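Data block below; observations after.
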Amino acid sequence: MPTYEWGTAPAGYATRRQLRGLRLRPNGQDIAALVVVPRRDGGEPLRAAYLYRIDLAAPKREPTSAQLEAVANATRAHQLHAWERHGFDRRDAGEIGDPGPQWDSACPIDGQHRLAALADAVDLVHPERDWGLDR
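Quick note on my numbering: the sequence shown kicks off at 4 and runs consecutively.
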């Protein structure tokens, strides 16, 4: 199997992640090459990745509406289970409550003065430390 160092693989090869970015899949082909990240001291490679030929790859299959619905239902069930694990009632999960009066109010500190306000707050809690925020 051909092995290349990082950044030296010829055009026409791609990792699984790169194929996914091109909306392709390996299509059952065997691994065409290996790319490794060598160690500076010459020891075993740090990482290795398999390369596939782009010309043998096929377009990714689009999920059907039934598959998308099944994934949505499974995700919802997973979220509801997590909701119950944290002590909430499953029936309350879909309700939207009042976020309170602070939801529409602007931040009392504008962007320019946030660092100064942070420095003041830190000084109140830890007056003995020099955090370097006033420089």
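Idealized CB from N, CA, C, for every residue including glycine. If you're wondering where the values come from, they're calculated on a predicted model, not measured in any experiment.
Locate the alpha helix (DSSP H) running through Thr78, then write down its first and last residues. 68–88
Could you compute how far the alpha carbon of Leu49 sits from the alpha carbon of Tyr7? 14 Å
May I have the straight-line CA-CA distance separating Leu37 from Ala51, to the nearest angstrom? 7 Å
Whose C-beta lies closer than 7 Å to the C-beta of His89 among residues of the same chain, with five residues either side of it excluded? none
Which residue comes first and which comes last in the alpha helix (DSSP H) that contains Arg19? 19–24
Under three-state DSSP, which class holds Leu54? strand
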